[in-house]
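For the sequence shown, the working numbering begins at 3 and goes up steadily by one.
Worksheet: the structure to be examined is printed underneath.
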Amino acid sequence: MKIIIALCFSIILFSSSLFAAHAAATLSGEDIQHFMNAMKPLEKLGKKYDFNDDGNTSTTQMVHSGFAPMSRSLAEVKDHEAYEEFKTIIGKAGFSSPEQWAVVGDRVMRAYMSLKALEELTPEKIQELQVSIEAVEKNEYLSAETKKQLLDSMKQMITLKSDMPEETKADQDALKPHLAKLNSLFEELR
Numbered sequence: 003m004k005i006i007i008a009l010c011f012s013i014i015l016f017s018s019s020l021f022a023a024h025a026a027a028t029l030s031g032e033d034i035q036h037f038m039n040a041m042k043p044l045e046k047l048g049k050k051y052d053f054n055d056d057g058n059t060s061t062t063q064m065v066h067s068g069f070a071p072m073s074r075s076l077a078e079v080k081d082h083e084a085y086e087e088f089k090t091i092i093g094k095a096g097f098s099s100p101e102q103w104a105v106v107g108d109r110v111m112r113a114y115m116s117l118k119a120l121e122e123l124t125p126e127k128i129q130e131l132q133v134s135i136e137a138v139e140k141n142e143y144l145s146a147e148t149k150k151q152l153l154d155s156m157k158q159m160i161t162l163k164s165d166m167p168e169e170t171k172a173d174q175d176a177l178k179p180h181l182a183k184l185n186s187l188f189e190e191l192r
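Structure (structure tokens):
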């Protein structure tokens with residue numbers, strides 16, 4: 003059940019952005035390649051400078067602001083001494099602006115995370131989620147707020163495939179040919 007709850011909390015982190023309506027064009031292979039081109043140099047930049055990511059962003063804040071890790075990173079680096087180097091890296095990777103990088107990066111990450119979540123959503127996992135839902139509903143030690151968050155996220159996880167907006171499906175389809183490269187890249191960056 004702990005694994006299910008952890009998975010549900012990760013779904014909470016990006017669900018509000020995942021299901022938000024956007025009018026943006028589908029991610030292109032070029033967008034995805036630009037994103038990948040930027041990641042290793044940005045990791046080196048992050049190691050070179052001390053970024054003050056105090057980790058104080060709460061799950062609640064992330065839920066309300068949506069899952070936007072690249073936009074969050076951009077906001078953090080804008081006032082940092084590394085910003086000019088950051089802009090150079092983004093430009094060399096193929097982006098016209100840091101804002102474009104953030105928007106594309108957020109969409110790549112949402113599509114990637116949702117694909118990974120869907121990979122994990124086997125019939126067995128759905129059955130485990132349903133058992134967990136019953137256990138949470140019967141648990142008298144959880145606060146009403148915690149119960150609601152857990153139940154909402156577990157139910158949302160079960161309906162993830164059917165409730166996916168068209169834009170997210172299109173972004174996932176665009177990402178699929180690059181999934182192996184992204185998996186390798188994220189593994190290297192760990």
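Yeah, the Cβ is synthetic: ideal placement off N, Cα and C, and Gly gets one too.
If you reduce the DSSP assignment to three classes, tell me which class residue i lands in.
i: P167; result: coil
i: E83; result: coil
i: L153; result: helix
i: F88; result: helix
i: G93; result: helix
i: L144; result: coil
i: A172; result: helix
i: L184; result: helix
i: L162; result: coil
i: S19; result: Because the pLDDT at S19 is just 43, under 50, the model does not fix this residue reliably, and the value given afterwards should be weighed accordingly. Of the three classes helix, strand and coil, the one that applies to S19 here is helix, per DSSP.
i: K178; result: helix
Along the chain, where does the alpha helix (DSSP H) that runs through residue i open and close?
i: S73; result: P71 to V79
i: R192; result: Unbroken run through R192: none, as it is neither H nor E.
i: G2; result: Outside the modelled stretch of the chain, which goes from 3 to 192, sits residue 2, for which no answer is possible.
i: S134; result: P125 to K140
i: S116; result: P100 to E122
Could you tell me the alpha carbon to alpha carbon distance between residue i and residue j, rounded to whole angstroms?
i: I128; j: K118; result: 15 Å
i: L187; j: V110; result: 13 Å
i: L96; j: L144; result: Per the sequence presented here, residue 96 reads as Gly, with Leu not at that position. Using only the alpha carbons, I get a separation of about 49 Å.
i: E126; j: A84; result: 47 Å
i: L76; j: E45; result: 14 Å
i: A70; j: E101; result: 12 Å
i: T161; j: E139; result: 18 Å
i: D175; j: K50; result: 35 Å
i: G48; j: E142; result: 45 Å
i: E190; j: Q151; result: 33 Å
i: E87; j: S99; result: 13 Å
i: H36; j: A172; result: 18 Å
i: Y114; j: K94; result: 23 Å
i: A146; j: I91; result: 47 Å
State yes or no: is the beta carbon of residue i nearer than 7 Å to at least one beta carbon in chain B?
i: Y85; result: The structure shown has no chain B; it contains just one protein chain.
With contact counted as at least three CB pairs below 8 Å, one residue from each stretch, are the region 153-165 and the region 135-143 in contact? These segments touch.
Are the region 98-112 and the region 35-53 touching by the rule of at least three beta carbon pairs closer than 8 Å? Flag = yes, the region 98-112 and the region 35-53 touch.
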